[in-house]
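Numbering (full-length UniProt numbering), first residue to last: 1 to 321.
Glycine residues also receive a C-beta, built at the ideal position from the N, C-alpha and C atoms.
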């Protein structure tokens, strides 16, 4: 029988914290099961290089009735792991959860209750973030900037504890985007989205897999994947700079004939030229982001490769080391 709830958890090098995750996740879900919510847990191993695959396989053997494990043959990124988990799910309500326990598994019930009110997408807002100060402020600034560009209203875009209806998941599974941001993609498909406030805890073990560069890349993917407004802004900026440059040339010609040759403004011209070159280079880089996305998409390569799936319907399972 198909479960009502599917919990998708992408995992990458989390061997230090998996035991604590199992200790809290399954009791929380068993509590929901006592209320009549049947469930399954879909772990997606994103090419971990530590003992994570073996720990996931052990947990599958302990709870094969509610546990499924998707094993990638390499590292494809968190959002690709989530998309693979979506394709493997069978539930009507799908919840995504990080493996680091910063989002308590006990909050899953609150999302399920909200979904049962008729919503098809439930985001979450961390009540009190336990991240470093720079990461918190940078995330809030990027949230505001992203909302102005994409018109996608996600209060806390970095929080992956979210619930999706089957109708939204089916539409996401039809997409073949190489680079995407799952919560934003779901928001565009949802008929009745909402958000709730949830608790947030410190990471149970290990370190965050998102570096500053990864966060910048993620936001580039988000903005270029859901809006062409940055290109439109640079088109308008180019027109304004062309008008200003023409005015500057006219002013310099008038000064040349009225006051004669002068060398005092040479460094000012250098500063203006360097500023304009910087703007041009940034614009070329922005255009390159869009072209790069097109290049990756038209190659038609698989977004990820699944090595095997540990589930009850697969009796001949290989050993996982």
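Should residue i be labelled buried (16 or more other beta-carbon atoms within 10 Å of its own) or exposed?
{"i": "residue 235", "result": "exposed"}
{"i": "residue 161", "result": "buried"}
{"i": "residue 45", "result": "buried"}
{"i": "residue 318", "result": "The pLDDT assigned to residue 318 is 48, lower than 50, so where the model puts this residue is not dependable; a value taken from the coordinates is nonetheless given after this. Its Cβ having fewer than 16 others within 10 Å, residue 318 is exposed."}
{"i": "residue 281", "result": "exposed"}
{"i": "residue 40", "result": "buried"}
{"i": "residue 170", "result": "exposed"}
{"i": "residue 48", "result": "buried"}
Using DSSP's beta-bridge definition, name the partner residues of residue i.
{"i": "residue 60", "result": "None; residue 60 has no bridge partner."}
{"i": "residue 72", "result": "306"}
{"i": "residue 197", "result": "125"}
{"i": "residue 52", "result": "Paired residue(s): none; residue 52 is not in a bridge."}
{"i": "residue 5", "result": "39 and 93"}
{"i": "residue 11", "result": "45"}
{"i": "residue 67", "result": "41"}
Just how far apart, CA to CA, sit residue i and residue j?
{"i": "residue 194", "j": "residue 90", "result": "23 Å"}
{"i": "residue 312", "j": "residue 1", "result": "13 Å"}
{"i": "residue 298", "j": "residue 173", "result": "18 Å"}
{"i": "residue 286", "j": "residue 231", "result": "7 Å"}
{"i": "residue 9", "j": "residue 35", "result": "22 Å"}
{"i": "residue 114", "j": "residue 31", "result": "17 Å"}
{"i": "residue 303", "j": "residue 95", "result": "22 Å"}
{"i": "residue 29", "j": "residue 76", "result": "28 Å"}
{"i": "residue 274", "j": "residue 201", "result": "46 Å"}
{"i": "residue 253", "j": "residue 246", "result": "11 Å"}
{"i": "residue 63", "j": "residue 182", "result": "28 Å"}
{"i": "residue 229", "j": "residue 239", "result": "15 Å"}
{"i": "residue 99", "j": "residue 190", "result": "25 Å"}
{"i": "residue 166", "j": "residue 38", "result": "15 Å"}
{"i": "residue 27", "j": "residue 56", "result": "17 Å"}
{"i": "residue 283", "j": "residue 290", "result": "11 Å"}
{"i": "residue 22", "j": "residue 110", "result": "19 Å"}
With H, G and I counted as helix, E and B as strand and the rest as coil, what does DSSP make of residue i?
{"i": "residue 45", "result": "strand"}
{"i": "residue 99", "result": "coil"}
{"i": "residue 165", "result": "strand"}
{"i": "residue 317", "result": "Legend: pLDDT at residue 317 = 48, less than 50; position of this residue unreliable, value from coordinates given subsequently. Residue state, collapsed to three classes: coil."}
{"i": "residue 160", "result": "coil"}
{"i": "residue 173", "result": "helix"}
{"i": "residue 113", "result": "helix"}
{"i": "residue 118", "result": "coil"}
{"i": "residue 149", "result": "helix"}
{"i": "residue 87", "result": "helix"}
{"i": "residue 22", "result": "helix"}
Does the CB of residue i have a neighbour CB from chain C at under 9 Å?
{"i": "residue 71", "result": "This model lacks chain C altogether, as it is built from one protein chain only."}
Does the ligand MN have a heavy atom nearer than 8 Å to the CB of residue i?
{"i": "residue 67", "result": "Because no ligand of any kind appears in the structure shown, any question about the ligand MN cannot be addressed here."}
Problem - Length-filtered (3 minimum) beta strand (DSSP E) runs lying within the stretch 240-306 - result: Runs found: none.
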